[in-house]
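Visitor: Residue numbers (the numbering used here): 21 to 307.
Even for Gly, the Cβ is constructed at its ideal location relative to N, Cα and C.
Got a structure here, written out as structure tokens. Questions coming.
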């Protein structure tokens with residue numbers, strides 16, 4: 021029986037940084053000729069609510085990885101990658117647990133209650149969520165599903181505030197009334213994007229902050245579902261995607277029949293000539 025090769029784990033996103041220029045066909049042809057070693061393309065999928073992400077990237081054995089530009093990154097590059105991954109994690113968590121009709125709340129402070137530190141701000145929002153859950157218990161409801169994001173920077177002209185996404189079991193009036201630290205608050209029902217999901221709201225909430233930002237979630241949230249395959253897309257199919265962008269939609273929607281392509285991006289590694297494909301899809305509404 022043939023022994024299965026063990027493929028190494030590496031941060032594939034960091035290794036592929038240059039978007040493909042589809043305006044230059046000769047450039048694409050040249051890139052396709054640069055691959056020099058055998059590898060297998062791994063397909064990773066992440067399902068979060070009705071949002072579906074596809075990442076296609078090459079995997080190498082330890083021997084084959086030599087010279088593949090998989091060297092460790094600088095501390096700055098590693099921090100940037102960690103920040104990016106943290107934002108993606110939060111976006112997916114939001115899409116996996118919230119949809120139309122849930123609550124998006126912005127909670128503010130008046131001068132009398134303005135916290136002196138991030139620690140104080142986190143204590144305030146933590147106490148608020150405990151009051152929310154106590155009220156829900158009295159109403160015969162289970163604990164709230166929520167994610168809150170706290171922004172605090174006393175050195176900038178940004179007052180401390182909290183963004184909260186919570187399931188929609190309570191009324192907007194009650195949720196606002198239970199916040200005791202300020203009156204200029206905003207409570208509204210969430211609305212999904214045209215493509216489905218709350219990706220637009222999630223990206224707004226997790227964008228690079230001007231000040232210090234912390235987030236926390238309840239323990240009863242569903243986790244996005246991830247899976248990995250070494251045979252979903254072969255090298256020749258990836259080459260077709262690179263050669264003709266129309267093939268991306270065709271191949272992805274053929275593989276994932278109940279989903280529609282929203283957008284995609286293809287990047288290359290200048291050192292080894294391999295490609296990385298990222299695509300975002302959504303469930304078809306008529307199914």
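What does a CB cutoff of less than 8 Å around residue 165 pick up in its chain, not counting 5 residues either side in sequence?
Guide: 117, 118, 186, 187, 238, 240 and 241, listed in sequence order.
Visitor: Pop quiz: residue 170 and residue 134 are said to be a contact at Cβ under 8 Å. What is the actual Cβ separation, rounded to whole angstroms?
Guide: So it is not a contact: roughly 13 Å between Cβ atoms.
Visitor: Going by C-alpha distance, which of 138, 286, 128 and 297 is nearest residue 201?
Guide: The shortest C-alpha separation from residue 201 is found at 128.
Visitor: Under 8 Å, Cβ to Cβ, is there at least one residue of chain D near residue 286?
Guide: Among the chains of the structure shown, chain D does not appear; only one protein chain is present.
Visitor: Under the rule that 16 or more other beta-carbon atoms within 10 Å means buried, what is residue 132, buried or exposed?
Guide: Its Cβ having fewer than 16 others within 10 Å, residue 132 is exposed.
Visitor: Quick check on residue 144: does DSSP put it in helix, strand or coil?
Guide: If DSSP states are grouped into helix, strand and coil, residue 144 belongs with the helices.
Visitor: Drop a sphere of 10 angstroms on the beta-carbon of residue 71, count the other beta-carbons inside from all chains shown, and report buried for 16 or more, exposed for fewer.
Guide: Flag for residue 71 reads buried.
Visitor: In the DSSP assignment, the alpha helix (DSSP H) including residue 208 goes from what residue to what residue?
Guide: Counting along the chain, residue 208 falls outside any alpha helix (DSSP H), though it belongs to the beta strand (DSSP E) covering 206-209.
Visitor: Take the Cβ of residue 290 as the centre, count every other Cβ of all protein chains shown within 10 Å, and call the residue buried at 16 or more, exposed below.
Guide: Its Cβ having fewer than 16 others within 10 Å, residue 290 is exposed.
Visitor: Taking only runs that begin and end inside the region 145-207, name each unbroken alpha helix (DSSP H) of 4 or more residues, in chain order.
Guide: Fully enclosed alpha helix (DSSP H) runs of 4 or longer: 192-197.
Visitor: Give the DSSP bridge partners of residue 226, in chain order.
Guide: Partner(s): none; residue 226 has no beta bridge.
Visitor: Give a yes or no on contact between the region 141-157 and the region 244-257, applying the rule of three or more CB pairs nearer than 8 Å.
Guide: Contact fails: fewer than three Cβ-Cβ distances are below 8 Å.
Visitor: Per DSSP, which one or two residues make a beta bridge with residue 278?
Guide: Beta-bridge pairing links residue 278 to no other residue.
Visitor: Between residue 68 and residue 244, how many whole angstroms is the CB-CB distance? I'm expecting something under 8 Å.
Guide: With 8 Å as the limit, residue 68 and residue 244 qualify as a contact, their Cβ atoms being about 4 Å apart.
Visitor: In whole angstroms, what is the alpha-carbon distance linking residue 167 and residue 235?
Guide: Roughly 7 Å separates the two Cα atoms.
Visitor: Do residue 303 and residue 278 count as a contact pair if the criterion is CB distance below 8 Å?
Guide: A contact, by the Cβ cut-off of 8 Å.
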